[in-house]
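Only one structure is covered here, and it is reproduced in the block below.
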């Protein structure tokens with residue numbers, strides 16, 4: 111996967127915020143890394159690249175917290 115795949119502009123259309131995107135990608139990459147360490151995934155793709163691709167494909171769901179609620 112090339113360095114600019116998926117394009118940042120496409121990813122930002124989904125999250126509207128690059129910081130949310132970074133947090134989302136990091137959390138998903140951590141989950142992927144755990145699966146790689148357990149031997150469940152072994153195709154050579156790096157965890158962050160896989161996470162960004164999954165976000166672009168809509169496989170990673172997230173929601174903004176409701177206003178007035180903390181947690």
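Residue numbers (the working numbering): 111 to 181. For glycine and all other residues, C-beta sits at the position ideal for the given N, C-alpha and C. Only a predicted model underlies this, so the values are computations on that prediction, with no experimental measurement involved.
If you compare alpha carbons, which of the options is closest to residue i?
i           : options            : result
residue 92  : 161, 166, 177      : Given a span of 111 to 181 for the chain in the structure shown, any question on residue 92 remains unanswerable.
residue 122 : 178, 175, 167      : 167
residue 119 : 174, 165, 148, 146 : 165
residue 171 : 137, 156, 117      : 137
residue 173 : 116, 127, 115, 117 : 127
residue 139 : 124, 155, 129      : 155
Write down the C-beta distance between residue i and residue j rounded to the nearest angstrom, noting that I regard them as a contact closer than 8 Å.
i           : j           : result
residue 132 : residue 158 : 10 Å between Cβ atoms; not a contact.
residue 163 : residue 116 : 6 Å
Comparing the C-beta of residue i with each C-beta of chain D, is any distance below 8 Å?
i           : result
residue 142 : Going by chain labels, chain D is absent from the structure shown, which holds only one protein chain.
Please specify which runs of the alpha helix (DSSP H), each continuous and at least 4 residues long, are wholly inside the stretch 122-166, giving them in chain order.
128-147, 157-166
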